[in-house]
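What follows is one structure encoded as structure tokens, with my remarks underneath.
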Amino acid sequence: MAESYPEELGYIREHDWARVAGEEATLGITWHAQDTLGEVVHFEPPSVGDGIAAGGVYGEVESVKAVSDLISPLSGEVLEVNAAVVDAPELINESPYGDGWLIKMRVTEPGEVDQLLDAAAYQAWIAEQ
0 MAESYPEELG YIREHDWARV AGEEATLGIT WHAQDTLGEV VHFEPPSVGD GIAAGGVYGE
60 VESVKAVSDL ISPLSGEVLE VNAAVVDAPE LINESPYGDG WLIKMRVTEP GEVDQLLDAA
120 AYQAWIAEQ
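Residue numbers (numbering that gives the first Met the number 0): 0 to 128.
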């Protein structure tokens with residue numbers, strides 16, 4: 000899969016993304032994150048109903064190389080966990096912005112959306128690392 004960073008998403012430096020639609024957001028990890036991790040073999044999700052703070056840990060992914068915390072770009076309440084990824088974590092590698100999404104949440108602090116990086120800013124930050 001080719002490196003990509005969809006323009007419609009918001010990003011954070013911890014390599015997580017948010018697709019915001021009204022009061023809901025879908026979260027996942029970026030192409031860069033899944034590429035760095037290598038083959039993802041386990042997704043440890045939060046529970047539906049859990050509250051998450053922006054910058055807080057909401058779960059973890061385990062790859063053949065490492066275990067990494069998932070950092071939330073936004074504050075909110077978990078509405079849904081992608082059960083397909085729990086059953087087949089390789090979806091994160093195959094489609095990090097599509098079938099490999101991780102959770103859906105209700106955003107409780109809408110102003111945080113304005114603090115997310117756009118695709119160009121995120122790619123520039125990666126290039127500096």
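Beta carbons are placed, not taken as given, at the ideal position from N, Cα and C, and that holds for glycine.
Keep in mind that this is a model prediction, so the values were computed, not measured.
Tell me the start and end of each unbroken beta strand (DSSP E) in the segment 39–120 that is at least 3 residues and wholly inside, in chain order.
39–43, 56–62, 66–70, 75–80 and 102–106
Quick check: S71 and G55, are their CB atoms within less than 7 Å of each other?
Locating residue 71 in the sequence shown gives position 72, where the first residue counts as 1. Locating residue 55 in the sequence shown gives position 56, where the first residue counts as 1. Taking 7 Å as the Cβ cut-off, S71 and G55 qualify as a contacting pair.
Distance, Cα to Cα, Y10 vs D117?
Translated into the one-based positions of the sequence shown, residue 10 becomes position 11. Translated into the one-based positions of the sequence shown, residue 117 becomes position 118. One C-alpha to the other measures close to 6 Å.
Could you tell me whether the Cβ atoms of F42 and V60 are closer together than 7 Å?
Taking the sequence shown and counting its residues from 1, one reaches residue 42 at position 43. Taking the sequence shown and counting its residues from 1, one reaches residue 60 at position 61. Going by C-beta atoms, F42 is nearer than 7 Å to V60.
Continuous beta strand (DSSP E) stretch holding L8: start and end:
As a first step, residue 8 must be located in the sequence shown, where it is residue number 9. No beta strand (DSSP E) contains L8, which DSSP labels as neither H nor E.
Suppose the cutoff is 6 Å on Cβ atoms and the five residues either side in sequence are ignored; what does the same chain contact list for L73 look like?
The residue given as residue 73 occupies position 74 in the sequence shown. For L73, where only same-chain residues beyond five positions count, the Cβ hits under 6 Å are A17, A24, A53, V106 and E111.
Where DSSP assigns a beta bridge to D34, which residues make up the other side?
Residue 34 sits at position 35 when you count from the first residue of the sequence shown. Paired residue(s): none; D34 is not in a bridge.
DSSP state of A1 mapped onto helix, strand, coil:
Looking up residue 1 in the sequence shown gives position 2. Coil.
Residues that DSSP places opposite I28 in a beta bridge:
Here residue 28 refers to the residue found at position 29 of the sequence shown. Answer is D15, bridged to I28.
Among the candidates T35, V77 and S94, whose CA atom is the shortest distance from the CA of A65?
Start at 1 with the first residue of the sequence shown, and residue 65 comes out as number 66. Closest by alpha carbon: T35.
How should G27 be labelled, buried or exposed, when 16 other C-beta atoms within 10 angstroms of its C-beta is the threshold for buried?
Against the sequence shown, residue 27 aligns to sequence position 28. Burial call: buried.
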